[in-house]
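Numbering (the numbering used here), first residue to last: 363 to 804. Virtual Cβ for every residue (Gly too), placed ideally from N, Cα, C.
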């Protein structure tokens, strides 16, 4: 094996277009990934092929050129923006005389550097071991030796088989630990569901500004930086919507093109916060010229984790870099589908708060209900919810109420008060009757 240098690593990047030229944005993103891992990019090698070479992926002629480049630049590492097979990785290391890492291994290395919480470290280690388990090939001589000795000779167990067995044991141990952590997360989700506090999850391509927006909305201090995968561990905070209404805002890991399947599987419990959310705020870097492609890539990951059906509001962030003003886009029903804002300056945040509020008010119900004298507690509860629009005393000394409130709040009250929901005579909701007041965000 090749030892990792203590201070920095000089890396050569390899990007080959299969059947067509490599888009510049993919090269730029891969360079940013390498720098995020702490590598010093000293050269980038590109090319095109009809199909990957079975031995070196890039072909023997390109491998010779790459070996000369490694010697010229005195590189410690070669990074491929592709998925390499175990044998290709081994053949390249033998030919280049330096370490070779593919895209999945690079992203796993970045995640290993950024994980801070106990759960995050477990998830990253599990993903690394599952990735490593596919790399246990007979590339070193010690893996072919049989254990043995006087009185111990026989079929024995190769070092390779020992490594596989130990890896399998560690993977099973990590899965058991993650199951316990997942049970704790599930308990928290059940508690929030029982309290009927909806969850709003921030999703988006990495480095779109999710953590900055999260900090601005919740007055938090989650680590945010202009780099890929600045934060991994999900953070939950309460977001006040005014007049007793609130939601739980969740900041989650950013997505990237071709996210390794090992990471998606390992982070499935974390990503469940996204799948179980009532609303997704899809944060987009408005200054990114390839933002529409990024949107499609994020939606692909959301579909992979089963969150494609969750309602979305697209948040076009960083408008300060474009010198644009905050604005909103609505659909034919008047629902907000897109908000332009700047998380760093705070411009447009109030419009986002209104959009979140409107998304939940879309489930608002409005109607008339008659309550008898014995149901004074139910009347008091409706007033506590600020749901009473009009009220009059009926002939039987009860009350005739016109109410407007979210359907989940109404059904919850019916369960607690033993009230039949069918007693409400529904009427169309009027926008002017909304009971939530605006909240200014500093």
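| query | With distances taken from CA atoms, which of 608, 730, 636 is nearest residue 615? | reply | Ranking 608, 730, 636 by Cα distance to residue 615 puts 636 first.
| said: Using CA atoms only, rank isn't needed, just tell me which of 708, 617, 686, 537 is closest to residue 666. | reply: 617
| request: Run through the stretch 643-707 for me and flag every whole beta strand (DSSP E) of 3 or more residues, listed as ranges in chain order. | output: 674-679, 689-692, 698-702
| said: Could you tell me the alpha carbon to alpha carbon distance between residue 741 and residue 786, rounded to whole angstroms? | reply: 13 Å
| Cβ distance (whole Å) where residue 565 is taken to contact residue 664 below 8 Å | About 7 Å; that satisfies the 8 Å criterion.
| query | Is it a yes or a no for the stretch 731-750 touching the stretch 712-722, going by three-plus beta-carbon pairs under 8 Å? | reply | Not touching, per the Cβ criterion.
| message | Tell me the rounded alpha-carbon separation between residue 431 and residue 406. | response | Between residue 431 and residue 406, the C-alpha separation is close to 10 Å.
| field | Pick from 767, 569, 547 that is closest to residue 646, judged by C-alpha positions | value | 569
| Which word fits residue 453, buried or exposed, when buried means at least 16 other C-beta atoms lie within 10 angstroms of its C-beta? | buried
| For residue 372: DSSP bridge partner residues | 402
| Opening and closing residue of the beta strand (DSSP E) in which residue 765 lies | It spans 761-768 - the beta strand (DSSP E) in which residue 765 sits, taken as one unbroken run.
| Continuous alpha helix (DSSP H) assignments of at least 4 residues falling wholly in the stretch 399-467 | 422-435, 448-458
| For the 8 Å Cβ check, are there 3 or more pairs between the stretch 403-422 and the stretch 488-495? | no
| What is the rounded straight-line gap between the Cα of residue 573 and the Cα of residue 394? | Cα-Cα distance, rounded: 19 Å.
| request: Measure the Cβ-Cβ separation of residue 610 and residue 644 and say whether it is below 8 Å. | output: no
| query | How would you call residue 375, buried or exposed, if buried means at least 16 neighbouring beta carbons within 10 angstroms? | reply | buried
| field | Nearest neighbour of residue 378, chosen from 704, 483, 782, 424 [CA to CA] | value | 424
| field | Buried versus exposed, by CB contacts within 10 Å (16 or more), residue 537 | value | Classification for residue 537: exposed.
| Which partner residues of residue 377 appear in the DSSP bridge assignment? | Looking at the DSSP assignment, residue 377 forms a beta bridge with 408.
| message | Counting beta carbon pairs with one atom in the stretch 471-484 and one in the stretch 427-445, are three or more of them shorter than 8 Å? | response | Because the criterion of three Cβ pairs below 8 Å is not met, the stretch 427-445 and the stretch 471-484 do not touch.
| Cutoff 8 Å; reference residue 788; Cβ partners in own chain excluding five residues on either side | 727, 728, 729
| said: Restricting to Cα atoms, I'd like to know which of 673, 485, 413 is closest to residue 722. | reply: 673
| query | From residue 708 to residue 576, what does the alpha carbon distance come to, in whole angstroms? | reply | Residue 708 and residue 576: Cα-Cα distance of roughly 12 Å.
| task | Determine the extent of the beta strand (DSSP E) in which residue 727 is found, giving its start and end residues. | result | 726-733
| request: Identify, in the order they occur along the chain, each residue of the same chain with its Cβ nearer than 7 Å to the Cβ of residue 381, setting aside the five sequence neighbours on each side. | output: 412
| request: Excluding the 5 residues preceding and the 5 following residue 746 in the sequence, name in chain order all residues of the same chain whose CB lies nearer than 6 Å to its CB. | output: Residues of the same chain with a CB within less than 6 Å of the CB of residue 746, apart from the 5 flanking positions on each side, do not exist.
| request: State yes or no: is the C-beta of residue 371 nearer than 7 Å to some heavy atom of the ligand GTP? | output: This structure lacks the ligand GTP; in fact it carries no ligand of any kind.
| field | Residues bridged to residue 617 (per DSSP) | value | Answer by DSSP bridge pairing, in chain order: 567.
| task | Return the chain-ordered list of same chain residues with a C-beta closer than 8 Å to the C-beta of residue 782, the five sequence neighbours on each side being excluded. | result | 776
| request: Leaving aside the five residues before and after residue 743 along the sequence, list all residues of the same chain whose C-beta is less than 6 Å from its C-beta, in chain order. | output: Excluding positions up to five away in sequence, the list reads 775.
| If we ignore side chains and look at the alpha-carbon of each, how far apart do residue 755 and residue 764 end up? | 12 Å
| query | Is residue 410 buried or exposed, if buried means 16 or more other CB atoms sit within 10 Å of its CB? | reply | exposed
| task | Note down the Cα distance separating residue 514 from residue 531, rounded to an integer number of angstroms. | result | Caution is warranted here: a pLDDT of 43 is assigned to residue 514, below 50, making its placement in the model unreliable, and the coordinate value is therefore given only provisionally. So the alpha carbons of these two residues sit roughly 24 Å apart.
| field | Unbroken beta strand (DSSP E) run spanning residue 598, endpoints | value | 597-604
| task | Leaving out five residues on either side along the sequence, give the residues of the same chain with a beta carbon under 6 Å from the beta carbon of residue 705. | result | 571, 574, 575, 578, 679
| task | Starting from residue 867, follow its DSSP beta bridges and name the residues at the other end. | result | Within the shown structure, residues of the chain are numbered from 363 to 804, placing residue 867 beyond reach of any answer.
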